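**Q**
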C-alpha cells in the first residue's frame, strides 16, 4: 500500500485554485428585511415551479390553467350570446372551483415547508440573520399570494370579458371588487390551514394527503349535514353547520357581507348578525394558523 | 474571536455545558469531545439561537444574548447533518443562501461562483445536488457557510462520512479557509488526530466541562519522535536491525513501533534528545554503509496528552500509519 503519497492528484488542483486567489466581500449586507423579501419571492416563485425542475412546474401550471379555462369559456359564451350578465357571480367562482384550489394547496403547502424540514434546510436559515417570525411570515405570505394569484386570475378574466361584452361597468366593478376581497380572505385561510398541516410532517406525501383530507372531508361532512338539516326542515341549523369547513366558512362570510348568493342548501346563508360570527371565526383561524406556525418553528431551531 | 465566561446550559435532565470558560483567538481552532460532550450546544449558543442557562458569551466582541442577528450576519455555519435539498443545483442553492445572508442578487451570484470554485466544485455545480457524492455534498455545505464572506465559520464535524482521501482534502480546505481566505475557523471533531494536523489551537471538552485549551504546538512539542528507514545491503541483509543495534549500543532510546502495521518492520522510531541525535543517526547509517531512505519527525499525538490530562477519558483504538491516524475518544463519563 502506497501510504506515503495518497493525495498527490488533488494537490495539483488545489495549487490551481490557490492561484486564482480569494476575494473578500466588502459590498453591502442588506439584513433581515431583505432576506425575508428574498425568501418570500423565492417561495412564491417556487409555488408555481419557477426556479425549480420542469417536473415541479407541471402541476401548479396545470391547475392554474384549469382555474382559468372555465372563466374564459363563460366570457366567450357571454360575448357570443350577448348575455345581460355573466353565468356565474365573481364571488361564486372560487366556491365552484374549490376542488382545484384544495388540490393546489395540498400540492404546494408541503412543497413550501415540508421540504425544508425533510432535508433539514431549516437550520441553515436560522443560522442567518432571519428569525422564526421572518421565516413564518415569508412562507405564509408567499403561499397566500400564490393562492391569490390562482383565485384572482380567473376573476380578472371574467371582469375583462364582462367589459368586452359591454356589461354594466359599475355593476361589474362592484362584483369584481367583492370577489377579490372574498378570494383574498380565502387565500389567507387556505394557506394558513395548509401550512400548519404541512409543517407538522417532513414527509411530503403525508402532507398532501392530510391537507386534501382536511379540506375535502370537512366540506363533504358539512354539505351532508346541511342537506340532512334541509331535508328535516331545521333550516335554522344550516348556516351554523357551515362554520365547520373552510369553504363553507368563506361562503358564509361573503353571503353575509359581500352580496354573494350562498351555496348552502336553499341559499340559507347566515344573516348579517350571524355573519359576524363567521367573520370572527375566519379571522381567528387565520391568526391561529400563524400562531401555530410560530410555535412550530420556535422549537425547530438547529 | 470567541469568549465564554462560566457558560452553562442545563436541560431538565442533562447538563450540556457546565461553567465553561474559554477564550478563542483568530486562526483554526479545534473543538474536541466525544458525542454528547456539548459541542453542538456550544455552537447553538454562540449563534445566539439558544439562550444559556447562566454565564455569558461573546462572538466577535458581540454578546450572544442580545446581538444574535448581528453575529449571524458575520459568521457562517456548516451543520453536521445533511441539509441540502436534492432537486436543486448547487449554484441555485448557494445563491439562495447568499441572499438569505443579505447579499444583493448580483453579489450573491458572483460570490457563489467564486466560493464553489474555491471549495473545488466546477461543472457539476449546475447539476441537481441529489446526484452528488458525499464529498461533493460536504463541499456544497462548506460553500454555503462561506458564501457571505464571514469573519468566522463554525464547522460541525466536516469530515463525517468521508473516506481518507476526502478527509485529507477537507482538512486541507479548512486550513486554507484561514491561511488563504483569512476567515477564522471553529471546527468540531471527535477525532483528535485530524485536528492535530489542521488546528492552531485545540479546546477539549467532556461532559460540558473544559478539559484543556492550548495551542496544538503545546500539545505535541514536549518530545520529538524520529522515524527512520534504511536500505538493506549485502553486508547487512537486515539493515533495520543493524541500525537498531548500533544505535542501541550508543545509548539512543528506541521506541518500538507497533507490530503488525504496514512498514512496521522497516521503520525505527526513536526519541530525539536534540540536534545531536540527528547527527548520530546520520553517522551510524553512514558507518554501516546503508542508504537513509527516511528520517522525519513524528509529532506526538494529541490523544496521548489528552489521556494524560484526564485518565478517566481513555483514548483507545489507536491505529498508526503515516497518513491516517485516527484516535477515537472513549466515552469517559
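Residue numbers (UniProt numbering), protein chains in the order written: chain A, 1 to 302; chain B, 1 to 333.
Glycine is no exception: its CB is placed at the ideal position from the N, C-alpha and C atoms.
Computed from a predicted structure; not experimentally measured.
Give me the Cα-Cα distance between residue 176 (chain A) and residue 76 (chain A), rounded to the nearest whole angstrom.
**A** 18 Å
**Q** How about residue 1 (chain B) and residue 60 (chain B): do their beta carbons lie closer than 8 Å?
**A** yes
**Q** Closest by CA to residue 177 (chain B), which one among B:203, B:192, B:291 and B:149?
**A** Checked all of B:203, B:192, B:291 and B:149; the closest Cα to residue 177 (chain B) is B:149.
**Q** Short check: CB of residue 94 (chain B) to CB of residue 144 (chain B), under 8 Å?
**A** In this structure, residue 94 (chain B) lies near residue 144 (chain B), with their beta-carbon atoms less than 8 Å apart.
**Q** Under 8 Å between C-beta atoms, does residue 319 (chain B) make it to chain A?
**A** The pLDDT assigned to residue 319 (chain B) is 35, lower than 50, so where the model puts this residue is not dependable, and the model offers no usable value.
**Q** Beta-carbon of residue 205 (chain A) versus every beta-carbon of chain B: anything under 8 Å?
**A** Answer no: the Cβ-Cβ gap between residue 205 (chain A) and chain B never drops below 8 Å.
**Q** Buried or exposed for residue 270 (chain A), going by 16 or more other Cβ atoms inside 10 Å?
**A** buried
**Q** Measure from the C-beta of residue 97 (chain B) to each C-beta in chain A and report whether the shortest distance is under 8 Å.
**A** yes
**Q** State the Cα-Cα distance for the pair residue 286 (chain A) and residue 148 (chain A), rounded to the nearest angstrom.
**A** When the Cα atoms are used, residue 286 (chain A) and residue 148 (chain A) turn out to be separated by approximately 15 Å.
**Q** Using 8 Å for Cβ pairs, my map puts residue 155 (chain A) next to residue 90 (chain A). What's the rounded Cβ distance?
**A** 5 Å
**Q** Compute the Euclidean distance between the alpha carbons of residue 25 (chain B) and residue 117 (chain B), then round it to the nearest angstrom.
**A** 28 Å
**Q** Does DSSP put residue 86 (chain B) in a helix, in a strand, or in coil?
**A** coil
**Q** For residue 290 (chain B), which option in B:276, B:277 and B:235 has the closest C-alpha, if you only look at C-alpha atoms?
**A** B:235
**Q** What does a CB cutoff of less than 7 Å around residue 190 (chain A) pick up in its chain, not counting 5 residues either side in sequence?
**A** The answer, listed in chain order, is 101, 105, 147 and 246.
**Q** Going by DSSP, name the residue or residues bridged to residue 227 (chain B).
**A** B:269 and B:296
**Q** Going along the chain, which residues of its own chain have a beta-carbon closer than 8 Å to the beta-carbon of residue 121 (chain B), five neighbours each way excluded?
**A** 90, 136, 139, 140 and 143
**Q** Residues in the region 51-80 of chain B with C-beta within 7 Å of chain A's C-beta atoms, listed in sequence order?
**A** Residues of the region 51-80 of chain B with a C-beta atom less than 7 Å from some C-beta of chain A are 69, 72, 73, 77 and 79, listed in chain order.
**Q** Check whether the Cβ of residue 123 (chain A) lies closer than 7 Å to any heavy atom of the ligand PLP, and answer yes or no.
**A** No copy of the ligand PLP occurs in the structure displayed, which carries no ligand at all.
**Q** Taking the straight line between their C-alpha atoms, what separation do you get for residue 36 (chain B) and residue 34 (chain A)?
**A** 36 Å
**Q** Relative to the C-alpha of residue 116 (chain A), which candidate in A:282, A:255 and A:195 has its C-alpha closest?
**A** A:195
**Q** Apart from the five residues just before and just after residue 140 (chain A), which ones in its own chain have a Cβ nearer than 8 Å to its Cβ?
**A** Within the same chain, residue 140 (chain A) has close Cβ partners 191, 192, 195, 289, 290 and 293.
**Q** Can you give me the start and stop residues for the beta strand (DSSP E) that residue 78 (chain B) sits inside?
**A** 75-78
**Q** Considering only residues of the same chain and omitting the five flanking positions on each side of residue 28 (chain B), which have a CB-CB separation below 8 Å?
**A** The residues are 174, 175, 177, 178, 184, 185, 187, 198, 199, 200 and 201.
**Q** Closer than 9 Å between beta carbons: that is the criterion. Which residues of the region 121-132 of chain A meet it against chain B?
**A** For the region 121-132 of chain A, the set of residues with a beta-carbon nearer than 9 Å to any beta-carbon of chain B comprises 121, 122, 123, 124, 125, 126, 127, 128, 129, 130 and 131, in chain order.
**Q** Mind reading off the beta-carbon distance from residue 78 (chain A) to residue 162 (chain A)? Whole number of angstroms is fine, and I expect it under 8 Å.
**A** 7 Å
**Q** With distances taken from CA atoms, which of A:145, A:264 and A:123 is nearest residue 40 (chain A)?
**A** A:145
**Q** Mind checking whether residue 215 (chain A) and residue 241 (chain A) have CB atoms under 8 Å apart?
**A** no
**Q** Determine the chain A residues that contact residue 107 (chain B) at a beta-carbon separation under 9 Å, and present them in chain order.
**A** 25, 27 and 28
**Q** Could you tell me whether the Cβ of residue 299 (chain A) comes closer than 8 Å to any Cβ of chain B?
**A** Chain B, which has no Cβ nearer than 8 Å to the Cβ of residue 299 (chain A), makes this no.
**Q** Check for me: the alpha helix (DSSP H) holding residue 60 (chain B) runs from which residue to which?
**A** Element bounds for residue 60 (chain B): n/a, residue is neither H nor E.
**Q** Please report how far the alpha carbon of residue 70 (chain A) lies from the alpha carbon of residue 159 (chain A), in whole angstroms.
**A** 13 Å
**Q** Nearest by alpha-carbon distance to residue 102 (chain B): which of B:75, B:128 and B:238 is it?
**A** B:75
**Q** Spell out whether any CB of chain A is found under 8 Å from the CB atom of residue 118 (chain B).
**A** Chain A has a Cβ within less than 8 Å of the Cβ of residue 118 (chain B).
**Q** Give me the Cβ distance between residue 125 (chain B) and residue 147 (chain B), rounded to the nearest whole Å; I'm assuming they're in contact under 8 Å.
**A** The pair is not a contact, with the Cβ atoms about 12 Å apart (cut-off 8 Å).
**Q** Quickly, what does DSSP pair residue 184 (chain B) with across the bridge? List them, please.
**A** B:152
**Q** When we look at the beta-carbon of residue 23 (chain A) and count the other beta-carbons within 10 Å, is it buried (16 or more) or exposed?
**A** exposed
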